[in-house]
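This report refers to the structure that appears directly beneath it.
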Amino acid sequence: MIKLRDLYFKPFISEGEIQVAVQRMVDDIANDLQDEVPVFIGILNGSFMFVSDFVKLYPKPCEVTFIKLASYEGLKSSDDIQRLIGITQDLTGRTVVILEDIIDSGKTLAEVHRIFKNENVKELKIATLFYKPEAYKKDFKLHYVGIEIPDKFIVGYGLDYNGLGRDLPAIYQLKTTQHMTNLVLFGPPGAGKGTQANFLKEKYNLVHISTGDVFRFNIKNETALGMLAKSYMDKGELVPDQVTIDMLNAEVEKNADANGFIFDGFPRTHAQAEALDNLMDSKDSQINAMIALEVDDEILVERLLERGKSSGRADDADESIIRNRITEYYNKTAILKDYYSAQNKYFGVDGVGSISEITDRLSSVIDSL
Ligand code: AMP
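Heads up, the sequence shown is in UniProt numbering, so the first residue is 1 and it goes up one at a time.
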């Protein structure tokens with residue numbers, strides 16, 4: 001991801017993909033024009049990189065020149081096209097190929113056609129590297145199109161955002177979702193994840209999703225998901241990955257406007273961690289940190305048995321089920337420490353102390369992100 005002025009952009013079209021498209025356009029145009037010596041006219045500023053790469057690959061003699069039109073203001077293509085440098089040579093009887101970096105609404109193209117109306121060229125052809133079909137509002141024929149793209153703002157390879165980004169060799173797309181903070185609160189059962197999540201969600205204005213709570217809610221309401229999950233949960237085993245992943249995706253979708261999430265009890269397996277990365281990626285976002293509450297096993301058993309006296313949770317009432325949940329954590333879940341450590345996102349926090357002391361420890365990690 002890159003930042004240009006106030007906005008974030010994510011990689012969209014690689015250098016390699018651009019070169020393939022340019023080469024294809026070169027081949028098509030050279031094939032159509034045969035032995036004609038064309039005049040390639042780039043539309044400045046955006047097309048300079050495309051024109052440069054294009055003519056280097058063009059296999060036959062050609063002339064190259066530019067006209068300069070200005071149409072973009074910030075993110076919007078404006079109505080007011082200014083002609084800053086017009087045609088400076090006689091093009092009578094010549095085959096002219098316009099090389100445009102991008103065609104969206106087609107306003108610049110309308111201006112190009114106005115410019116060429118009285119030039120008596122033999123033929124005027126339009127070639128554009130990028131084309132936004134959803135935005136195009138004109139009828140002018142586009143003879144050669146490199147890559148069709150959705151109607152999203154892009155920068156790079158000659159295209160700018162308020163002057164920046166033209167130098168990038170690849171294309172980046174504007175990130176449309178706001179910046180989110182997404183945390184995985186990690187730790188064995190009884191470590192205090194739920195308690196701490198309640199404080200942190202208020203403090204940082206995040207949505208707390210506890211997969212255990214969602215399962216319990218479904219069990220209480222006797223949904224099909226609840227019935228399925230119950231058989232595993234009562235034994236202290238993990239609910240199957242696909243069931244849990246589908247449920248988590250649905251919970252995230254319900255909170256599309258969130259500032260970010262605290263995931264509590266998820267991910268618990270490698271497959272879930274990968275699914276979570278994909279989900280965040282689809283939201284133009286990422287997991288910022290896994291924060292683990294570290295607590296000794298014997299303290300956990302003690303805490304859970306104490307909680308079981310009032311929580312009504314079957315899996316908190318029996319010491320052997322509690323120990324099974326802790327074993328499940330170390331067998332299946334603790335490997336996620338490596339997953340997030342490899343991305344420098346793992347932060348261990350001492351989970352023994354008063355609730356507010358632990359909240360302070362967690363907050364100092366979050367504030368440092
Ligand atoms: P918790 O409230 O986080 O201790 O979760 C209680 C139980 O719900 C666990 O023992 C599992 O049976 C089930 N569960 C919660 N989250 C997950 C998950 N991410 N993957 C599989 N099972 C889960």
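Ideal Cβ placement from N, Cα and C applies to all residues, glycine included.
All values derive from a computational prediction rather than experimental measurement.
- Under DSSP, T269 takes part in no beta bridge, so it has no partner.
- For the set N278, I299, Y329, the Cα lying nearest the Cα of T269 is the one of Y329.
- In this chain, D350 is not harboured by any alpha helix (DSSP H); it is covered by the beta strand (DSSP E) spanning 346-350.
- Here DSSP, grouped into helix, strand and coil, assigns I171 to strand.
- Under DSSP, E294 takes part in a beta bridge, and its partners are D350.
- Following the DSSP letters along the chain, one finds T128 in no alpha helix (DSSP H) but inside the beta strand (DSSP E) bounded by residues 123-131.
- Within the UniProt domain "Phosphoribosyltransferase" (21-161), the complete alpha helix (DSSP H) segments of 4 residues or longer fall at 48-57, 107-116, listed in chain order.
- When DSSP assignments are scanned along the stretch 219-256, no uninterrupted stretch of beta strand (DSSP E) that is 3 or more residues long falls wholly within it.
- Remark: C-beta atoms of A273 and Y346 do not approach each other more closely than 8 Å.
- In this chain, the beta strand (DSSP E) harbouring I209 covers 207-210.
- Rounded to whole angstroms, the gap between the alpha carbons of L279 and F54 is 38 Å.
- Taking the Cβ of G236 as the reference point, at least one heavy atom of the ligand AMP falls within a distance shorter than 7 Å.
- One Cα belongs to F153, the other to D167, and the distance between them is close to 16 Å.
- For the alpha helix (DSSP H) assignment, the uninterrupted runs of no fewer than 4 residues enclosed by the stretch 302-329 are, from N- to C-terminal side, 314-317, 319-328.
- The residues I103, I126, K138, F140, in chain order, have a CB closer than 7 Å to that of L109 in the same chain once the five nearest residues on each side in sequence are set aside.
- The DSSP-derived three-state label of D6 is coil.
- Residue F261 holds the alpha-carbon nearest to the alpha-carbon of V184 among I87, L142, F261.
- In this structure the stretch 315-325 does not touch the stretch 154-173; the number of beta carbon pairs closer than 8 Å is below three.
- In this chain, I287 is not harboured by any beta strand (DSSP E), its DSSP state being neither H nor E.
- When the alpha-carbon of V352 is set against those of R114, R313, E302, D6, the nearest one is in E302.
- Membership of I366 in the alpha helix (DSSP H) is indicated by the continuous run 355-367.
- For the 8 Å CB-CB criterion, Y131 and K10 do not form a contact.
- The ligand AMP approaches T211 closely enough that one of its heavy atoms is under 7 Å from the residue's Cβ.
- Your pair V349 and P188 does not check out as a contact, with CB atoms roughly 13 Å apart and the cut at 8 Å.
- Around the beta-carbon of K201, 16 or more other beta-carbon atoms lie within 10 Å, marking it buried.
- When rounded, the separation of the alpha-carbon atoms in E15 and L57 is 15 Å.
- Per DSSP, the beta-bridge partners of L185 are D264, I291.
- The three-state secondary structure of I18, taken from DSSP, is helix.
- Counting only the Cα atoms, D28 lies some 26 Å from K68.
- I13 sits in a strand when the DSSP states are folded into three classes.
- By the neighbour-count criterion, in which a residue is buried when 16 or more other Cβ atoms sit within 10 angstroms of its Cβ, D367 is exposed.
- Contact annotation, D264 with G194: C-beta distance approximately 6 Å; criterion of less than 8 Å satisfied.
- Short of 6 Å from the beta carbon of T65, and not among the five residues preceding or following it, lie these beta carbons of its own chain, in chain order: I41.
- Distance from the CA atom of N259 to the CA atom of M1, rounded to whole angstroms, is 19 Å.
- Beta-bridge partners assigned by DSSP to L164: Y161.
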